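Quick notes on the structure that follows.
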Amino acid sequence: MQVALIIFVTASETYDTTTAAEQYFLTLAGYTGIPVIAWNADNSGFSLGKDLTPYRIIQMAPPIEHQIRAMIALLQRYSWSKFGVVCSQMAGSPEFIKSVRHEIAEASNKSAKFEIMFHSQLDTSNLTDVDAQLLELRKSQAKIVLLYATAAQARTIFERAVPLGLTSEKYLWIGTQSVRGTQTSVTGHTQPGMLSVNFHTGMEGWDIILFSL
Numbered sequence: 638m639q640v641a642l643i644i645f646v647t648a649s650e651t652y653d654t655t656t657a658a659e660q661y662f663l664t665l666a667g668y669t670g671i672p673v674i675a676w677n678a679d680n681s682g683f684s685l686g687k688d689l690t691p692y693r694i695i696q697m698a699p700p701i702e703h704q705i706r707a708m709i710a711l712l713q714r715y716s717w718s719k720f721g722v723v724c725s726q727m728a729g730s731p732e733f734i735k736s737v738r739h740e741i742a743e744a745s746n747k748s749a750k751f752e753i754m755f756h757s758q759l760d761t762s763n764l765t766d767v768d769a770q771l772l773e774l775r776k777s778q779a780k781i782v783l784l785y786a787t788a789a790q791a792r793t794i795f796e797r798a799v800p801l802g803l804t805s806e807k808y809l810w811i812g813t814q815s816v817r818g819t820q821t822s823v824t825g826h827t828q829p830g831m832l833s834v835n836f837h838t839g840m841e842g843w844d845i846i847l848f849s850l
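So, in structure tokens, the structure goes:
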């Protein structure tokens, strides 16, 4: 029997070693030359900086680049030209910052001039480090903050940010889909006043894609 097509579907949003295993599988599948149609919402960093065409992979779930473009579009819409970027140590964090820089460079060539006033990758298991980095964020005077982390990591960051006044009405945090989490992954409420990119990550999202084809 000859395999003509691989369909890879998962509703997982764990952003841990499982995510790395999924990305490894997709990479190996791509090397076989067999076309792959993938729906994996936690594709953090998988397509960052890569042209997936040689791998013959069609990623149906919105890749992180699309989420970044949505964030930049929001900054453009309200003329928020100066902002900060905060990442956890989730997979794809270094690439996230690089991609943000690339997108604002593209946008700056067309209209507004953007400036990243602060960027940091936090180790949320080290609260001393989190406190120190958040203090630097406050010193930077960045009032708009793009956040790339898991829902659990974001809660830790916000818990440490509250005493520093970084969650007051003077600040606006904009998170990726991973910050919001899923109905099963989120315990408690997300940070009040925070904006986040949102798309269906479960099977209902896959159904929407199928019925739109």
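The sequence shown lines up with residues 638 to 850 when you count with the numbering used here. All C-beta atoms, glycine included, are put in the ideal place defined by N, C-alpha and C. If you're wondering where the values come from, they're calculated on a predicted model, not measured in any experiment.
Contact check, residue i vs residue j, beta carbons under 8 Å
| i | j | result |
| --- | --- | --- |
| Ala779 | Lys719 | yes |
| Val722 | Ile741 | no |
| Trp717 | Ile781 | yes |
| Ile644 | Ile671 | no |
| Trp810 | Leu784 | yes |
| Arg706 | Gly667 | no |
| Ala744 | Gln704 | no |
| Leu630 | Ile794 | Outside the modelled stretch of the chain, which goes from 638 to 850, sits residue 630, for which no answer is possible. |
| Thr864 | Ile695 | There is no way to answer for residue 864, as the model of the chain reaches only from 638 to 850. |
| Leu764 | Arg797 | yes |
| Phe755 | Leu774 | yes |
| Ser725 | Thr669 | no |
| Gln790 | Met727 | yes |
Residue i, DSSP secondary structure in three states
| i | result |
| --- | --- |
| Val723 | strand |
| Thr765 | helix |
| Met831 | coil |
| Ala675 | strand |
| Gln660 | helix |
| Met754 | strand |
| Gln639 | coil |
| Thr860 | Residue 860 lies beyond the range of the chain shown here (638 to 850); nothing can be said about it. |
| Leu715 | In the sequence under discussion, the amino acid at residue 715 is Tyr, which differs from the Leu named in the question. Tyr715 falls in the coil class under three-state DSSP. |
| Gly667 | helix |
| Leu759 | coil |
| Gln790 | helix |
| Gln770 | helix |
Contact with chain C by residue i, beta-carbon distance below 8 Å
| i | result |
| --- | --- |
| Thr647 | Within the model displayed, chain C is absent; a lone protein chain is all it includes. |
Per DSSP, the bridge partner or partners of residue i
| i | result |
| --- | --- |
| Leu784 | Val723 and Gly812 |
| Gln696 | Ala675 |
| Thr647 | Asn677 |
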